[in-house]
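Novice: Dumping the structure here so I can ask a few things about it.
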Amino acid sequence: MSPVLAGVLQLLALIAALALAYRPLGDYMARVYSSEKHYKPEKWIYKAVGANPTAEMRWPAYLRGVLAFSAVSVLFLYGLQRAQGILPGSLGFQAIDPDQAFNTAASFVANTNWQSYYGEQAMGHVVQTGGLAVQNFVSAAVGMAVAVALVRGFARSRTGELGNFWADLVRGVVRILLPISVIGAIVLVACGAIQNFSGIHEVGQFMGGSQQWNGGAVASQEVIKELGTNGGGYFNANSAHPFENPNPFSNLFEIFLILVIPFALTRTFGRMVGNLRQGYAILATMATIWLGFTALMMWTEFAHHGPAFDVAGGAMEGKETRFGIGASAIFSVATTLTSTGAVNSFHSSYTGLGGGIQLLGMQLGEIAPGGVGSGLYGMLIMAIIAVFIAGLMVGRTPEYLGKKIGTREIKLAACYILITPALVLGFTAAAMALDTPANSMTNTGAHGFSEILYAYTSGANNNGSAFAGLNADTQWFNSTIGIAMLLGRFLPMVFVLALAGSLAEQKPVPETAGTLRTDKPLYTGLLVGTILIVTGLTYFPALALGPLAEGLAS
Numbered sequence: 009m010s011p012v013l014a015g016v017l018q019l020l021a022l023i024a025a026l027a028l029a030y031r032p033l034g035d036y037m038a039r040v041y042s043s044e045k046h047y048k049p050e051k052w053i054y055k056a057v058g059a060n061p062t063a064e065m066r067w068p069a070y071l072r073g074v075l076a077f078s079a080v081s082v083l084f085l086y087g088l089q090r091a092q093g094i095l096p097g098s099l100g101f102q103a104i105d106p107d108q109a110f111n112t113a114a115s116f117v118a119n120t121n122w123q124s125y126y127g128e129q130a131m132g133h134v135v136q137t138g139g140l141a142v143q144n145f146v147s148a149a150v151g152m153a154v155a156v157a158l159v160r161g162f163a164r165s166r167t168g169e170l171g172n173f174w175a176d177l178v179r180g181v182v183r184i185l186l187p188i189s190v191i192g193a194i195v196l197v198a199c200g201a202i203q204n205f206s207g208i209h210e211v212g213q214f215m216g217g218s219q220q221w222n223g224g225a226v227a228s229q230e231v232i233k234e235l236g237t238n239g240g241g242y243f244n245a246n247s248a249h250p251f252e253n254p255n256p257f258s259n260l261f262e263i264f265l266i267l268v269i270p271f272a273l274t275r276t277f278g279r280m281v282g283n284l285r286q287g288y289a290i291l292a293t294m295a296t297i298w299l300g301f302t303a304l305m306m307w308t309e310f311a312h313h314g315p316a317f318d319v320a321g322g323a324m325e326g327k328e329t330r331f332g333i334g335a336s337a338i339f340s341v342a343t344t345l346t347s348t349g350a351v352n353s354f355h356s357s358y359t360g361l362g363g364g365i366q367l368l369g370m371q372l373g374e375i376a377p378g379g380v381g382s383g384l385y386g387m388l389i390m391a392i393i394a395v396f397i398a399g400l401m402v403g404r405t406p407e408y409l410g411k412k413i414g415t416r417e418i419k420l421a422a423c424y425i426l427i428t429p430a431l432v433l434g435f436t437a438a439a440m441a442l443d444t445p446a447n448s449m450t451n452t453g454a455h456g457f458s459e460i461l462y463a464y465t466s467g468a469n470n471n472g473s474a475f476a477g478l479n480a481d482t483q484w485f486n487s488t489i490g491i492a493m494l495l496g497r498f499l500p501m502v503f504v505l506a507l508a509g510s511l512a513e514q515k516p517v518p519e520t521a522g523t524l525r526t527d528k529p530l531y532t533g534l535l536v537g538t539i540l541i542v543t544g545l546t547y548f549p550a551l552a553l554g555p556l557a558e559g560l561a562s
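To get the numbering used here, take the position in the sequence shown, counting from 1, and add 8.
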């Protein structure tokens, strides 16, 4: 079987699995977030944190819950890393340096999981399992809660109440993420992923020295790292490591985990607003972009440029032979179009145009299908922008799902889409202008610029994957990328929740003959075009200096 055919068949199998899970999972999540029943374990959690799950919150109260919980999470994870040297199960590792501890705490709480350290050489079992793995669950649940609050803003009228943050958070973890993770961990263990708390072992002799391997609760952390679109690996090689991702089946299963909740949330959206066709329109937009990017990535990596490429079947540098070009390309697009950041190949070794596809995928705002929760609310923001543009074309006040998109709503949406580019381009410019950050680049020229652009794009968009080649474990990068991750995660949430509150206060606008049908293919095409044009106008100059210049020169 040719490598190209193998890649296409894997893509078709993935699409079939996602299609089978779409309806039951989407409907189940809608029931979870609409339920008035509280299970006994959930009541224990509410009692422990002193929360009243039945109290409805307006958007400022909901936002305070998000920010307070996340601030406490950052402080807890930072303290846990700083105390590692005196904790049991530390495997002899010492406390993490302050700047790196801050970067890691910000990273995992922001659902970014950017790592400027070697996981197997820095973090013991307590920090990995009690700190990082826990944040993989709760940071994902925070994103889902904010998305559900925005959906309620569309679904409700004449009220500013958006639900209860604590109830949404706990239900997301207890009823959705935990059950799927238990099943997924069993599957990964069956595939060969490790799950233990063993110590460090010296294995074999290599070039006059020995290699050290340590165990860990890898399978359980791997499944939530993918399911929650987190991405932080137990080992430095991430999902290219055989302990995390043993074989082609586990690789395809992990891609499925990355995509299943973000895609299924469009069904949840349609169910909660009472119009499934609206959910299908958002799904079609996400799927069109995802399939387009996947096809482009496979084409760029399979394109042959001489005898070496012909023999290898494509650009095999930096890719695992047990996965090949096709599976690596599918994984790469899945991880950069979501806020996952997991990698099963060396992104810096992709072709120049392949690296550009990875960058552009994150720069879209990771909305196709995006992270758990963040992908849905990011796409709904773009849907509002598209409706506004359509309204300008016909001279009519824009409406979406029976809500008028007035001055306040469009200002909030505009602020949302401007935050991330400002962070990415601002920090990249500062890093290139200063001598010390530029010294961290392994490569010069266009590829070196792409390394820094990729780092801040990944951090501000809450992705976490690395272009590699960049020494990011410095005080400059640990501090600035940490700030970019926190601002890139929580500032957009401010505008999302404010928008949700504004929409919930409105009264429904009756549909007329002049109302734009947002559940038709014409609108889906308009939305795809809006996303690509807005992103292109924002980032094209930077992309032209980096991956485009490199790709055209090769």
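Backbone N, C-alpha and C fix where the C-beta goes; we use that ideal spot for every residue, glycine too.
So N470 packs on S340, CB below 8 Å; how close in whole Å?
Specialist: Here residue 470 is taken as the residue at index 462 of the sequence shown, counted from 1. Here residue 340 is taken as the residue at index 332 of the sequence shown, counted from 1. The pair is not a contact, with the Cβ atoms about 17 Å apart (cut-off 8 Å).
Novice: Against chain B, does M294 count as a neighbour if the rule is that its beta carbon must be under 9 Å from one of theirs?
Specialist: Absence of chain B from the displayed structure is noted, only one protein chain being present.
Novice: Quick check: what's the CA-CA separation for T621 versus E169?
Specialist: Shown here, the chain extends from 9 to 562; a query on residue 621 therefore has no answer.
Novice: According to DSSP, is N486 part of a helix, a strand, or is it coil?
Specialist: For this step, residue 486 is matched to residue 478 along the sequence shown. N486 falls in the helix class under three-state DSSP.
Novice: Locate the alpha helix (DSSP H) running through K55, then write down its first and last residues.
Specialist: For the purposes of this step, residue 55 is identified with residue 47 of the sequence shown, where counting begins at 1. Per DSSP, K55 belongs to the alpha helix (DSSP H) from K48 to V57.
Novice: Using a threshold of 9 Å, state whether the C-beta atoms of E234 and L265 are closer than that.
Specialist: Sequence index remark: in the sequence shown, residue 234 carries index 226 (1-based). Sequence index remark: in the sequence shown, residue 265 carries index 257 (1-based). In contact: E234 and L265 (Cβ atoms closer than 9 Å).
Novice: Per DSSP, what kind of secondary structure is M449 in: helix, strand or coil?
Specialist: For the purposes of this step, residue 449 is taken as residue 441 along the sequence shown, with counting starting at 1. Strand at M449.
Novice: Within the segment 79–160, note down every full alpha helix (DSSP H) run reaching 4 residues or more, in order along the chain.
Specialist: Qualifying alpha helix (DSSP H) stretches, in chain order: 106–117 and 127–130.
Novice: Kindly give me the distance between the Cβ atoms of L535 and T293, rounded to whole angstroms, as I take these residues to be in contact under 8 Å.
Specialist: Counted from its first residue, the sequence shown places residue 535 at position 527. Counted from its first residue, the sequence shown places residue 293 at position 285. With a Cβ gap of about 5 Å, L535 and T293 count as contacting.
Novice: Within 8 Å, do at least three Cβ pairs link the segment 127–136 to the segment 13–31?
Specialist: The answer is no - the segment 127–136 does not touch the segment 13–31, with fewer than three Cβ pairs under 8 Å.
Novice: Can you name the start and end residues of the alpha helix (DSSP H) that R179 belongs to?
Specialist: On the sequence shown, residue 179 is found 171 positions in, with the first residue counted as 1. Taken as a continuous stretch (DSSP letters only), the alpha helix (DSSP H) holding R179 covers F173 to R179.
Novice: Excluding the five sequence neighbours on either side, which residues of its own chain have a C-beta within less than 6 Å of the C-beta of L420, listed in chain order?
Specialist: The sequence position of residue 420 within the sequence shown is 412, counting from 1. Around L420: F503, A506 and L507.
Novice: Nearest by alpha-carbon distance to M390: which of F257, E417 and M306 is it?
Specialist: Counting from 1 along the sequence shown, the entry for residue 390 is found at position 382. It is E417.
Novice: May I have the straight-line CA-CA distance separating G49 from L99, to the nearest angstrom?
Specialist: In the sequence shown, the residue the question calls residue 49 occupies position 41. In the sequence shown, the residue the question calls residue 99 occupies position 91. The question names Gly, but residue 49 in the sequence shown is Pro. If you take the alpha carbons of P49 and L99, they lie about 33 Å apart.
Novice: Run through the DSSP bridge pairs and tell me what F510 is partnered with.
Specialist: Walking along the sequence shown from the start, residue 510 turns up at place 502. Looking at the sequence shown, residue 510 is not Phe but Ser. None, per the DSSP bridge assignment.
Novice: May I ask you to report which of helix, strand or coil DSSP gives V190?
Specialist: If you number the sequence shown from 1, residue 190 lands on position 182. DSSP places V190 in helix when its eight states are reduced to three.
Novice: On the DSSP letters alone, give me the boundaries of the alpha helix (DSSP H) that S42 sits inside.
Specialist: Your numbering for residue 42 matches position 34 in the sequence shown. P11 to S42 is the span of the alpha helix (DSSP H), which, as asked, contains S42.
Novice: Using alpha carbons as the reference points, say which of V12, A38 and N119 lies closest to G349.
Specialist: Mapped onto the sequence shown, residue 349 falls at position 341. The residue with the shortest Cα to Cα distance from G349 is N119.
Novice: One question on the structure: do W484 and S458 come within less than 9 Å of each other, judged by their Cβ atoms?
Specialist: For the purposes of this step, residue 484 is taken as the residue at position 476 of the sequence shown. For the purposes of this step, residue 458 is taken as the residue at position 450 of the sequence shown. Cβ atoms of W484 and S458: not closer than 9 Å.
Novice: Can you list the alpha helix (DSSP H) stretches of 4 or more residues lying completely in the segment 196–261, in chain order?
Specialist: Listed in chain order, the complete alpha helix (DSSP H) runs (minimum 4 residues) inside the segment 196–261 are 226–235.
Novice: Within the segment 278–351, note down every full alpha helix (DSSP H) run reaching 4 residues or more, in order along the chain.
Specialist: Counting whole runs of 4 or more residues, the segment 278–351 contains the alpha helix (DSSP H) stretches 284–310, 315–320 and 332–345.
Novice: Going by alpha carbons, who is nearest to A270 out of A289, Y30, V12 and V351?
Specialist: The residue labelled residue 270 in the question sits at position 262 within the sequence shown. Contrary to the premise, residue 270 reads as Pro rather than Ala in this sequence. It is Y30.
Novice: Output the distance between the C-alpha atoms of N352 and T308, rounded to the nearest integer angstrom.
Specialist: Position 344 of the sequence shown, counted from the start, is the residue given in the question as residue 352. Position 300 of the sequence shown, counted from the start, is the residue given in the question as residue 308. So the two alpha carbons sit approximately 17 Å from each other.
Novice: For N238, count the other beta carbons within 10 Å of its own beta carbon; 16 or more makes it buried, fewer makes it exposed. Which is it?
Specialist: The sequence position of residue 238 within the sequence shown is 230, counting from 1. Buried: at least 16 other Cβ atoms inside 10 Å.
Novice: Leaving out the 5 sequence neighbours to the left and right, which residues in its chain are closer than 6 Å to I427 when beta-carbon positions are compared?
Specialist: Your numbering for residue 427 matches position 419 in the sequence shown. The answer, listed in chain order, is L499 and P500.
Novice: Counting only the same chain and skipping the five closest in sequence on each side, list residues whose C-beta sits under 6 Å from that of Q102.
Specialist: Locating residue 102 in the sequence shown gives position 94, where the first residue counts as 1. So the qualifying residues of the chain are G93.
Novice: Which of helix, strand or coil does DSSP assign to R66?
Specialist: Here residue 66 corresponds to residue number 58 of the sequence shown, with the count starting at 1. DSSP places R66 in strand when its eight states are reduced to three.
Novice: Which term fits P429, buried or exposed, when burial requires 16 or more other beta carbons within 10 angstroms of its beta carbon?
Specialist: Against the sequence shown, residue 429 aligns to sequence position 421. P429 is buried by the Cβ-count criterion.
Novice: Quick check: the Cα distance between G34 and I375, rounded to an integer number of angstroms?
Specialist: For the purposes of this step, residue 34 is taken as the residue at position 26 of the sequence shown. For the purposes of this step, residue 375 is taken as the residue at position 367 of the sequence shown. Cα to Cα, the separation comes out at about 17 Å.
Novice: Using the Cα positions of Q18 and D443, report the straight-line distance between them to the nearest angstrom.
Specialist: Here the question's residue 18 lines up with position 10 in the sequence shown. Here the question's residue 443 lines up with position 435 in the sequence shown. Computed Cα separation, rounded: 45 Å.
Novice: Could you tell me the alpha carbon to alpha carbon distance between S466 and G496, rounded to whole angstroms?
Specialist: Taking the first residue of the sequence shown as position 1, residue 466 is located at position 458. Taking the first residue of the sequence shown as position 1, residue 496 is located at position 488. Their Cα atoms are separated by approximately 10 Å.
Novice: Could you check whether L177 and F77 sit closer than 9 Å to each other, using their CB atoms as the reference points?
Specialist: Translated into positions along the sequence shown, residue 77 becomes position 69. Translated into positions along the sequence shown, residue 177 becomes position 169. Cβ atoms of F77 and L177: closer than 9 Å.
Novice: What does the alpha-carbon distance come out to for the pair L452 and T488?
Specialist: Counting from one through the sequence shown, the residue named residue 452 turns up at place 444. Counting from one through the sequence shown, the residue named residue 488 turns up at place 480. In the sequence under discussion, the amino acid at residue 452 is Thr, which differs from the Leu named in the question. Their backbone Cα atoms lie some 21 Å apart in a straight line.
Novice: Give me the DSSP bridge partner(s) of Y408.
Specialist: Taking the first residue of the sequence shown as 1, we reach residue 408 at position 400. Answer by DSSP bridge pairing, in chain order: K411.
Novice: Going by beta carbon distance, what residues of the same chain come within less than 8 Å of Q286, once the five residues before and after it are set aside?
Specialist: What you label residue 286 is simply residue 278 of the sequence shown in a count that begins at 1. Once the five neighbours on either side are set aside, the close Cβ partners of Q286 are F277, G278, L409, T526 and D527.
Novice: In the DSSP assignment, what residue or residues form a beta bridge with S353?
Specialist: Taking the sequence shown and counting its residues from 1, one reaches residue 353 at position 345. For S353, which the question treats as bridged, DSSP gives the partners K327.
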